[in-house]
Amino acid sequence: MMKRYIAILVFAAALLSCTEKTDLRSSGEYDEYLTVEAILTDRADRPQRVTLSRTVPYFGDDETTDSHTAPAVKGATVTVDDGSVSTLFSEISDGVYQAPDGYCAEEGKNYHLHIELPDGKEYNADATMPEGGFDLTDIDYAFAGNKSMGLDSLWTVAVWGRDMPQTSYYYITIAVNGNYYPFDLAEVMDDKYFNGNEVKGFPITTLMQIHELQELYGDCCKYLEKGDVITLEALSLSKDYFDYLMAVVLNGTFSSIPLFSPQPANCPTNIKGDKVVGYFAACPVCSASVTVDDPLRPYYKKMLPSLPI
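Remember, the numbering used here sits 1198 above the position in the sequence shown when you count from 1.
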């Protein structure tokens, strides 16, 4: 998220340095793009979905261009082929296509996504499931602060486990009682701080409680209470998918739900077809959970035996 703030400051500085009044609205025609969100995982207990929508103008004024109401693409035919079996993803709601129950991706396999729209346009993409980059064995939390600067409360979340020898890339997300962070609060990172090493109590992310965020995103941003369950998930990414997510962060589109509601610039894609953005990826997932016993606990309990108290 720091990269996003830096980008915003640079952009603001550039605007302030201009001496002439500039109209940021484009006088040209707007090009509508197909948006593809297609991430397969190795979790058979999780729905495997492909989401199709249309981009909208960045400076749209009416409700049809609201970033939360990007037009869904209905009536498409969506299949994923693993080289031996082609699986049809059925439309379960407008623009959301889901695999049959129990379907998941497997490490080392190649997957081919094929999309055919009602108007006959076709789109294709390929993805390979990478090796899992991290053996996650445990997590814990610690209270890190109370009311200040608009932040109601903050906790840090640490991990225990082992990072694999190869250079790995991760998408880190967190949940409270099964309610996961949205894209714009998640982390995208590499393993340069612990590559190939055992990890003991590494503070990998934070859990924020802010009233406004709770109104927007629900209980993933609630104040922790005794009995709440914190879950951390780490998705191992291919280098290409990592580069794509970093480009999305720098374009600020993680704050758009669905992704790419306003059309982004300079984001790579592995989807082949006419006027399309998004990505098709396959990612192994590791996860661990901890139950809150004291929301104000100021240390990682699992490290207590080794702490000089």
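Don't be surprised by glycine CBs; every beta carbon is placed ideally from N, CA and C.
Note that the structure is predicted; figures quoted are calculated from it, not measured.
Assigned exposure category for Ile1206 - 16 Cβ within 10 Å defines buried: For this step, residue 1206 is matched to residue 8 along the sequence shown. At Ile1206, the pLDDT of 33 sits below 50, so the modelled position is not reliable; the number obtained from the coordinates is stated separately. When all chains shown are included, Ile1206 counts as exposed.
Cβ neighbour criterion (16 or more within 10 Å) applied to Glu1431: Working through the sequence shown from its first residue, we reach residue 1431 at position 233. Counting Cβ neighbours within 10 Å, Glu1431 comes out buried, since at least 16 surround it.
Which residue wins for smallest C-alpha separation from Pro1380, given the options Pro1493, Ile1408, Gly1416, Cys1302? Residue mapping note: residue 1380 aligns to position 182 of the sequence shown, counting from 1. Answer by Cα proximity: Gly1416.
Status (buried if at least 16 other CB within 10 Å, exposed otherwise) for Gly1293: The sequence position of residue 1293 within the sequence shown is 95, counting from 1. By the neighbour-count rule (16 or more Cβ atoms within 10 Å), Gly1293 is buried.
Quick one: measure Cβ to Cβ for Asp1388 and Tyr1367, integer angstroms, because I've assumed they're closer than 8 Å. As a working mapping, residue 1388 is identified with position 190 in the sequence shown. As a working mapping, residue 1367 is identified with position 169 in the sequence shown. About 5 Å separates the two Cβ atoms, so the contact holds.
Identity of the residue in Ser1436, Val1446, Lys1398 nearest Pro1482 by Cα: In the sequence shown, counting from the first residue as 1, residue 1482 sits at position 284. For Pro1482, the nearest C-alpha among the options comes from Ser1436.
Answer yes or no: the CB of Asn1344 versus the heavy atoms of the ligand SAM, is any distance below 7 Å? Because no ligand of any kind appears in the structure shown, any question about the ligand SAM cannot be addressed here.
Residue from Phe1287, Gly1318, Asp1324 whose Cα sits closest to the Cα of Tyr1309: One-based indexing of the sequence shown puts residue 1309 at position 111. For the residues Phe1287, Gly1318, Asp1324, the minimum Cα distance to Tyr1309 belongs to Asp1324.
Which residues in the same chain have their Cβ closer than 6 Å to the Cβ of Tyr1442, if we skip the five residues on either side of it in sequence? Translated into the one-based positions of the sequence shown, residue 1442 becomes position 244. Hits under 6 Å: Pro1466, Tyr1477.
When the distance is taken between beta carbons, is Val1386 closer than 8 Å to Phe1440? Position 242 of the sequence shown holds residue 1440. Position 188 of the sequence shown holds residue 1386. Yes; because the gap between Cβ atoms is below 8 Å, this pair is in contact.
Give a yes or no on whether the C-beta atoms belonging to Asp1336 and Trp1358 are separated by under 8 Å. On the sequence shown, position 138 is the one that residue 1336 refers to. On the sequence shown, position 160 is the one that residue 1358 refers to. Contact flag set, yes.
Exposed or buried, which one is Asn1468 when buried takes at least 16 other CB atoms within 10 Å? The sequence position of residue 1468 within the sequence shown is 270, counting from 1. Burial call: buried.
Measuring CA to CA, which of Thr1326, Ser1251, Leu1311 is closest to Val1475? In the sequence shown, the residue the question calls residue 1475 occupies position 277. Among Thr1326, Ser1251, Leu1311, the Cα nearest to that of Val1475 belongs to Ser1251.
From the DSSP output, read off the bridge partner residues of Tyr1477. Numbered from its first residue, the sequence shown carries residue 1477 at position 279. Answer is Glu1235.
Could you tell me the distance, in whole angstroms, from the CA atom of Glu1314 to the CA atom of Thr1277? Along the sequence shown, one-based indexing puts residue 1314 at 116. Along the sequence shown, one-based indexing puts residue 1277 at 79. C-alpha separation (whole angstroms): 9 Å.
Per DSSP, what are the beta-bridge partners of Ile1401 in this structure? As a first step, residue 1401 is located in the sequence shown; it is residue number 203 there, counting from the start. At residue 1401 the sequence reads Pro, which differs from the Ile that was named. Answer is Ala1356, bridged to Pro1401.
For Asp1279, I'd like the list of residues in its chain whose CB is within less than 6 Å of its CB, leaving aside the five on either flank, ordered along the chain. Translated into positions along the sequence shown, residue 1279 becomes position 81. Around Asp1279: His1310.
How is Val1446 classed by DSSP in three states: helix, strand or coil? Sequence index remark: in the sequence shown, residue 1446 carries index 248 (1-based). Val1446: helix per DSSP, three-state reduction.
Integer Cβ distance of Gly1318 from Met1362, believed to fall under 8 Å: Walking along the sequence shown from the start, residue 1318 turns up at place 120. Walking along the sequence shown from the start, residue 1362 turns up at place 164. Actually they are not in contact, since the Cβ atoms of Gly1318 and Met1362 sit about 44 Å apart, beyond 8 Å.
Please look up how many angstroms separate the CB atoms of Tyr1426 and Val1374, rounded, as I've assumed it's under 8 Å. Numbered from its first residue, the sequence shown carries residue 1426 at position 228. Numbered from its first residue, the sequence shown carries residue 1374 at position 176. Reading off the sequence, residue 1426 comes out as Asp, not Tyr. Correct: roughly 6 Å between the Cβ atoms.
Please report the distance separating the alpha-carbon of Ala1445 from that of Lys1390. The count along the sequence shown starts at 1 and reaches residue 1445 at position 247. The count along the sequence shown starts at 1 and reaches residue 1390 at position 192. About 19 Å.
Whole runs of the alpha helix (DSSP H) within the segment 1361–1447, excluding any shorter than 4 residues: 1409–1415
For Gly1376, tell me which candidate among Cys1418, Ala1242, Lys1307, Glu1230 has the shortest Cα-Cα distance. Looking up residue 1376 in the sequence shown gives position 178. The residue with the shortest Cα to Cα distance from Gly1376 is Cys1418.
Pair within 8 Å by beta-carbon distance, Asp1350 and Gln1407: Stepping through the sequence shown from its first residue, residue 1350 is reached at position 152. Stepping through the sequence shown from its first residue, residue 1407 is reached at position 209. Yes. Within cutoff.
For Arg1403, which option in Tyr1421, Thr1429, Lys1473 has the closest C-alpha, if you only look at C-alpha atoms? Indexing the sequence shown from 1 puts residue 1403 at position 205. Residue 1403 is actually Thr in this sequence, not Arg. That would be Thr1429, whose Cα lies nearest to the Cα of Thr1403.
Should Ile1290 be labelled buried (16 or more other beta-carbon atoms within 10 Å of its own) or exposed? Translated into positions along the sequence shown, residue 1290 becomes position 92. Burial call: exposed.
Rounded distance between the beta-carbons of Pro1493 and Glu1423, thought under 8 Å: Taking the first residue of the sequence shown as 1, we reach residue 1423 at position 225. Taking the first residue of the sequence shown as 1, we reach residue 1493 at position 295. Yes, Glu1423 and Pro1493 are in contact; Cβ-Cβ is about 6 Å, under 8 Å.
Return the CA-CA distance between Tyr1498 and Thr1365, expressed in angstroms with no decimal places. Working through the sequence shown from its first residue, we reach residue 1498 at position 300. Working through the sequence shown from its first residue, we reach residue 1365 at position 167. Distance between the alpha carbons of Tyr1498 and Thr1365: 27 Å.
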